[in-house]
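Trainee: Before we start, here is the structure in question, set down as structure tokens.
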Amino acid sequence: MTHFARLLLFFCALFPASLFSQDAQNRSVQVSMDILENPFRFHFSWPWDWSEGGYAIYKKAPDDPDWGVAVDSLPWGATEWTDANVTEGEAYEYAFFKQKWSVLTWQIPVGPGQKLRFLIQNSNGSGLCCNFGFGWYEVKTGDSLVAKGDEFEFLEVHQFEAGPADTLVTVRMLPDLLTNITRWELRDQTTDTLVAESGPPGATLIGKPKFGVIYAGKNLPPTEYRGTLLLLTDARFADPLRPELNQLILDLKMDGWRVVEKTVAAGQTVPEVKNLILATHAEVPDLRAIYLFGHIPVPYSGNYYADGHKENHWGAWVADTYYADRDGIWTDTLVENTSAFLPWNHNVPGDGKFDQSGIPSPLEWMVGRVDLTNLPAFADADTLLFKKYLDKAHRFKTGQIQVARRGLVDDNLGIVLGAPAASGYRNFAPLFGHDSIFQGDYFETLRQETYLFSYGGGGGTHLSADGIGTTFDFAADSLNTVFTMLFGSQFGDWDNENNFLRAPLAQGLTLANAWAGNPAWFFHHMAMGFPVGYSALRTQNAHFGDYGPGPQLVHTTLLGDPSLRLHPVRPPRNFSADTLGQTIRLNWSPPTETDILGYYVYETDSSFQTFFRLHDEPVTDTFFVLPNPEAGEHFFVIKTLKLEKSGSGTYQNLSLGIPDSVRVEQVVAAKETPPVNIRVFPNPTDGSVFIEGSLKTHN
């Protein structure tokens, strides 16, 4: 039995399932926000937390790279905070820390010249790097560095002598996610007397992070243009699914994306696909998202075991992050490891699998993958599975699928692997409000009830997660959740037959999934209208200054359409464009929506790649008239504009557009325009120009 398996069995025996989620909740400040008026301010609240310590509150602009200094602090037992220093229409990001991720420091009195032995051990054999974060340690006597390390596996020992004038030894450590399996001790070499220690085996280091983040605002403006999305289509499905793919492309354009589609032929390699992406970026500099549709070649990279299974899963993992990286350096010359049980995890120089376990540079592009091939557990062939996915994505984006805005957590891991279910609690509060998070059995609950987002975690295989279900359960059922997160051993490495992480997308309502726990995921931006691909990118790039000290591991993948947003708005109905005399008249019927602010009307071209809004303020009527149109074909798009409310505030949310066109056969000659007399002076100008004119009228 492995060390990880013993650890899992120990915790399962020690804690009943009902207590598992308590630690995950304790690792999360489940913060949500209400808007108060008279005076205007943001009111943040969260459930009462029994654990010791107060709160440090941070605030920054969304694009700032780090939190800076705390703006306020609260005592133990606090459950609310208000911020009046806010402006309507501006976004802010907040962090509420019960315990910040930080470098831990111990200072130990010693005698000058004392001979000492420093021992650091990890019960899982994973050291402090690089499987569950990029941690490290260092030891100094006075100002002299005497020991440092990170990838020490089970044990590392250093012997040293304090300087003749030194009276302090300083130990500094950045923990990884697993703060309960690493400890250190300092002993006198001569007597073997214990001088200091971090705690007994199994004790939790105080550095375990406890925090929540929220992207907040009031009446944030709508997003009309989202940039270019590259759709890479598996050539095997380009023709059989052409009607559905055309609908996908139209939906993307109607949501503000410029779309470039390219096909990937069978036999193309990972570098060839990357070159296709880079060539597209050269053609279209505002490339922001990549949608991998079908079995696009899968990159592999690294020399690590993100699920704790060093004994059989140590090596290269799936790495779609390679496609998201424009300029990082990825090598294939260093790693030589064939210890993994399955050959696709083997990694040796020159085999086409990269060396990097962590991303080599910040990623530039959102990437999402929909791959429903190699799922024989499902009765339908892969072409039909893809068709059903595209159909339900269209129905969701156009508001035809309605689900309850709430989150479900089914946690069967507890503290194991760093309390991974915190990714559920920490995200669901800003998405829906902390009173809209529920615990329940994943399959039993989602079979009968609808949840917009869900989380399930349990000890896993490639085909299952304990306490959740199996790939065959997904094939036999139809679950009512659109976005989900799953976590457990093995299946985070998803490029294999009947993989459990890919299975939810093939049945039921599910459109997006992530292996959330190592690393933790951050979806809170979606509460204010961002696509799921944006949250994936922010998670992949998370660093010490914003969402944590890592790990920026290469396997971090979004399975699903990266353009999906949390709050679809129903578009207008019965849209038509007709000529009426010397005008074009646009007519429509309102959708069955609440909080409608009006409509946006655009003129576009036949490719729907560029849009020109025809007015400044939202149109509140159900018609729009354009006088004196030019002859030719005219293309129009109309969208519903809604004030969206979430657990993080309010924002203006646009539906997908509805297109129509009309041909103007001829233009009626306009009446003769009366002459206008205009005088511009001085001439030549000294920098100031005055315009004076008069209009001659006819009675």
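Under this note's numbering, the first residue of the sequence shown is numbered 124, with each subsequent residue one higher.
C-beta: ideal position from N, C-alpha, C; glycine also.
Only a predicted model underlies this, so the values are computations on that prediction, with no experimental measurement involved.
Can you tell me whether D357 is buried or exposed? The criterion is at least 16 other CB atoms within 10 Å of its CB, across all chains shown.
Mentor: By the 10 Å Cβ count, D357 comes out buried.
Trainee: K520: buried (16+ other C-beta within 10 angstroms of its C-beta) or exposed?
Mentor: So K520 counts as buried.
Trainee: So, are the CB atoms of F597 and Q630 less than 8 Å apart?
Mentor: Contact: yes.
Trainee: With DSSP collapsed to three states, give me the class of P232.
Mentor: Note: P232 maps to strand in three-state DSSP.
Trainee: Quick one: is A639 buried, meaning 16 or more other Cβ sit within 10 Å of its Cβ, or exposed?
Mentor: Buried, since its Cβ has 16 or more Cβ neighbours within 10 Å.
Trainee: Could you give the distance in angstroms between the alpha-carbon of D558 and the alpha-carbon of D378?
Mentor: Spanning the two alpha carbons is a distance of roughly 31 Å.
Trainee: Determine the contact status of A447 and L401, defining contact as a CB-CB distance below 8 Å.
Mentor: In this structure, L401 does not lie closer than 8 Å to A447 by Cβ.
Trainee: DSSP beta-bridge partners for Q282?
Mentor: Answer is R240, bridged to Q282.
Trainee: Just reading off the alpha helix (DSSP H) that L660 is part of, what are its end residues?
Mentor: First-last of the alpha helix (DSSP H) with L660: V655 to Q663.
Trainee: Taking DSSP as the reference, what is the three-state secondary structure of A500?
Mentor: Here A500 sits in coil by DSSP.
Trainee: Can you give me the start and stop residues for the beta strand (DSSP E) that E216 sits inside?
Mentor: First-last of the beta strand (DSSP E) with E216: A214 to Q222.
Trainee: Return no unless some Cβ of chain C is closer than 8 Å to the Cβ of D299.
Mentor: Structure shown: chain C not included; a single protein chain is present.
Trainee: Would you mind sorting W173 into buried or exposed? The rule is 16 or more other CB atoms within 10 Å of its CB.
Mentor: Exposed.
Trainee: So, at 8 Å on beta carbons, what are the nonlocal neighbours of Y727 in its own chain, with the 5 sequence-adjacent residues on each side left out?
Mentor: The amino acid occupying residue 727 in the given sequence is Thr; Tyr does not appear at that position. Same-chain partners within the cutoff: T733, F734, F735, F758, F759, V760 and P782.
Trainee: Using the C-alpha atoms, what's the distance from R688 back to S699?
Mentor: S699 and R688: Cα-Cα distance of roughly 27 Å.
Trainee: Can you look up I482 in the DSSP assignment and give me helix, strand or coil?
Mentor: I482: coil per DSSP, three-state reduction.
Trainee: By DSSP, does K194 sit in helix, in strand, or in coil?
Mentor: Going by the sequence as given, residue 194 is Val instead of Lys. If DSSP states are grouped into helix, strand and coil, V194 belongs with coil.
Trainee: In three-state terms, what does DSSP make of W467?
Mentor: The answer is helix: DSSP assigns W467 an H, G or I state.
Trainee: Quick check on the DSSP output: what are the complete alpha helix (DSSP H) runs of length 4 or more inside the segment 346 to 426, in order along the chain?
Mentor: The qualifying runs are 358 to 361, 365 to 377 and 393 to 406.
Trainee: By DSSP, does S769 sit in helix, in strand, or in coil?
Mentor: Looking at S769 - three-state DSSP - the assignment turns out to be strand.
Trainee: Excluding the 5 residues preceding and the 5 following W169 in the sequence, name in chain order all residues of the same chain whose CB lies nearer than 8 Å to its CB.
Mentor: Once the five neighbours on either side are set aside, the close Cβ partners of W169 are V152, Q153, V154, S155, T202, E203, F219, G335, A552 and H557.
Trainee: Alpha helix (DSSP H) containing S546: first to last residue?
Mentor: Run containing S546: A545 to F555, per the alpha helix (DSSP H) assignment.
Trainee: Please classify Y348 as buried or exposed, where buried requires at least 16 other C-beta atoms within 10 Å of its C-beta.
Mentor: With fewer than 16 Cβ atoms within 10 Å of its Cβ, Y348 is classed as exposed.
Trainee: What did DSSP end up calling H690 once you bin it into helix, strand or coil?
Mentor: If DSSP states are grouped into helix, strand and coil, H690 belongs with coil.
Trainee: Between the alpha carbons of G582 and S612, how many angstroms are there, rounded?
Mentor: About 6 Å.
Trainee: From K376 to V382, what does the alpha carbon distance come to, in whole angstroms?
Mentor: Roughly 7 Å separates the two Cα atoms.
Trainee: Looking at the unbroken alpha helix (DSSP H) that takes in Q630, where does it start and where does it end?
Mentor: Premise fails: Q630 is in no alpha helix (DSSP H) and is neither H nor E.
Trainee: I want to know whether the segment 294 to 302 touches the segment 239 to 252 - three or more CB-CB distances under 8 Å.
Mentor: Counting Cβ pairs under 8 Å, three or more are found: they touch.
Trainee: If you draw a straight line from the alpha carbon of A516 to that of Q230, how long is it in whole angstroms?
Mentor: Each residue's Cα considered, the two are about 56 Å apart.
Trainee: Please name the residue in F275, G234 and L239 whose C-alpha comes closest to that of N254.
Mentor: Checking every option, the nearest Cα to that of N254 belongs to F275.
Trainee: Taking the Cβ atom as the reference point for each residue, do A339 and S771 lie within a distance shorter than 8 Å?
Mentor: It is a contact, given that the beta carbons lie within the stated cut-off.
Trainee: Should D362 go down as buried or exposed, given a rule of 16 or more other Cβ atoms within 10 Å for buried?
Mentor: Exposed.
Trainee: Taking only three categories from DSSP, how would you classify Q705?
Mentor: Residue state, collapsed to three classes: coil.
Trainee: Mind checking who F334 pairs with in its DSSP beta bridge?
Mentor: Its beta-bridge partners are S151 and F220.
Trainee: Which residue marks the beginning of the beta strand (DSSP E) containing D533, and which one marks its end?
Mentor: Counting along the chain, the beta strand (DSSP E) containing D533 begins and ends at G530 to D534.
Trainee: Report the rounded CA-to-CA distance for T607 versus P394, giving the unit in angstroms.
Mentor: Taking the straight line from one Cα to the other gives about 31 Å.
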